[in-house]
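Numbering (the numbering used here), first residue to last: 1019 to 1148. Where is the CB? At the ideal position from N, CA and C, for every residue including glycine. Note that the structure is predicted; figures quoted are calculated from it, not measured. Structure, as structure tokens:
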């Protein structure tokens, strides 16, 4: 059993007034298992602007709504990039051969944090799906 899942690798920038989540890359993970801890990785609610994202949920077009929702009306969540990288590497080391894990691993490994992160910017992985 699984659910549809997408992840967005973002540069989360805060200037003490606004938060921007700039989408850099996206990976459609499709069906992910319920019982492997995947969804539990993403514990922080995504807030601020989500730049580069197609707002297919009409509630996201309401300026008074501070949550960013997915197509299932669930708040989008995120984790830091290192947490997701560690989980993906562990899954692969434990023999999980789901082909999309290798695509996500390659995408995550391609980021040099020194080029993207600063005192106001962090790399995150935002989760979309149910």
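I'd like to know whether the C-beta atoms of residue i and residue j end up nearer to each other than 9 Å.
i	j	result
residue 1123	residue 1142	no
residue 1066	residue 1041	no
residue 1026	residue 1116	no
Sort the options by Cα distance to residue i and report the nearest one.
i	options	result
residue 1046	1097, 1127, 1024	1024
residue 1097	1034, 1022, 1055	1055
residue 1103	1089, 1118, 1126	1126
residue 1060	1101, 1089, 1106	1101
What first and last residue would you give for the alpha helix (DSSP H) that runs through residue i?
i	result
residue 1135	Unbroken run through residue 1135: none, as it is neither H nor E.
residue 1104	1099-1111
residue 1120	1117-1127
Report, in whole angstroms, the separation of the C-beta atoms of residue i and residue j, which I expect to be a contact under 8 Å.
i	j	result
residue 1099	residue 1129	7 Å
Go to residue i, then tell me how far its beta strand (DSSP E) extends in each direction, as first and last residue.
i	result
residue 1069	1067-1069
residue 1042	1037-1051
So, for residue i: in the same chain, excluding its five sequence neighbours on each side, which residues have a beta-carbon less than 7 Å away from its beta-carbon?
i	result
residue 1029	1040, 1042, 1134, 1139, 1141
residue 1032	1138
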